[in-house]
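Working notes, structure below.
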Amino acid sequence: MIKFFRKIRYDLMEKNKTGKYLKYAIGEIILVVIGILIALQVNEWNNQRNNDKAEKIVLEQLKNDLLKSQIELKEIKAYYYERTKACAIVLRTFWKTATPDDSIANYLNLPISIKIYSPILGTARSLINSGSIELLRSSELKNEIVSYVEKVDDKLIHVIRHEESYFRKGRGAVLEIIPNTFRTKAYYNKRLEETPAEALKEYFANDFVQMPRDFDTVPFQSDLNELLKSEKIYIAYTNLNITHYQLYKTYDEILFLTDELLDRLNTTVLKE
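Residue numbers for the sequence shown follow numbering that gives the first Met the number 0, beginning at 0 and rising by one.
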């Protein structure tokens, strides 16, 4: 093609057709410019297509993270709901004069455990820290992702503060006063009877098991009725109640934020 245009130019120059040559040269320049513009446009289309693919991938990854977090946040909410309720049952017992039922032992045990959960933020953090968030066309969505990460981080700090300020105090006081004293001999015998023989055999074959297979008494047995008159125990379960309730609320708020961003992502995908 280049040789063809060159031949035309030479023919016009040899025939001394200057006017036609100039017109032809201008026309050739225009064709070259048009060719460059077309090439640039094709390149722009290719870049946009690649960006669209990359955007779709990161949005899917972010959506998968949020869906998994959504499930796990519901589970952690249920976890803290049960522990808050157990604390309330224990605390209400202090307000009664009747001897508590043996089932209260289950509620005494439940609140002294805790879980610290962090939603899956890997994709969102990576988008922000690497600058890949600029792949997203929606400015609103960019802002919402950044806001989501900041708000979740802030609420997780709230979780840690409650764990340090209330849970440790409450758990420490409970374990100091009742490390294992509210379980009766009848309770342990029933558990042994309900456990399959093979499982019992395997359990007691362990050299580190503290409890013997045949036992005569439960060490350091406490009177539940007296235990639930202790001011220290009441304060301990009050601290545990505050912890579990606040964590329940905090994870519920994080779940709400997660649902919001997930709905926003679904809306964005539908628009596309």
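We treat Cβ as the ideally placed atom computed from N, Cα and C, and that holds for glycine.
Euclidean distance between Cα positions of residue i and residue j
i, j, result
"S68", "G171", "31 Å"
"N105", "W94", "19 Å"
"E193", "H243", "31 Å"
"R212", "A198", "12 Å"
"D262", "Q220", "54 Å"
"I156", "I33", "59 Å"
"E133", "N240", "44 Å"
"A85", "L58", "40 Å"
"P99", "Y247", "27 Å"
"Y79", "I113", "8 Å"
"K52", "Q209", "59 Å"
"E163", "F203", "36 Å"
"L66", "D206", "44 Å"
Three-way DSSP call (helix, strand, coil) for residue i in this model
i, result
"T92", "helix"
"Y147", "helix"
"Q220", "coil"
"A204", "coil"
"A97", "coil"
"I111", "helix"
"I177", "coil"
"K76", "helix"
"F166", "helix"
"Y116", "coil"
"G121", "helix"
Best match in the options for proximity to residue i [C-alpha to C-alpha]
i, options, result
"N265", "T237, E193, I33, L61", "L61"
"Y116", "T249, T92, R136", "T249"
"R182", "V217, K114, E143, E175", "V217"
"Y236", "T96, K52, Y78, N108", "N108"
"K150", "R124, R167, S164", "R124"
"L227", "I176, E162, L72, F203", "I176"
"V158", "S131, Q245, T92", "Q245"
Cβ-based burial, residue i [other Cβ within 10 Å; buried from 16]
i, result
"N238", "buried"
"R82", "buried"
"P110", "buried"
"G165", "Checking the sequence, you will find Tyr at residue 165 rather than Gly. Buried: at least 16 other Cβ atoms inside 10 Å."
Cutoff 8 Å: residue i Cβ touching any chain D Cβ
i, result
"Y106", "In the structure shown, chain D does not exist; there is a single protein chain."
Short Cβ contact (8 Å threshold) for residue i with residue j
i, j, result
"T267", "S138", "no"
"D64", "I119", "yes"
"L256", "Y147", "yes"
"L260", "E143", "yes"
Any non-hydrogen atom of the ligand ZN within 7 Å of residue i CB
i, result
"V151", "Ligands displayed in this structure: none; no statement on the ligand ZN is therefore possible."
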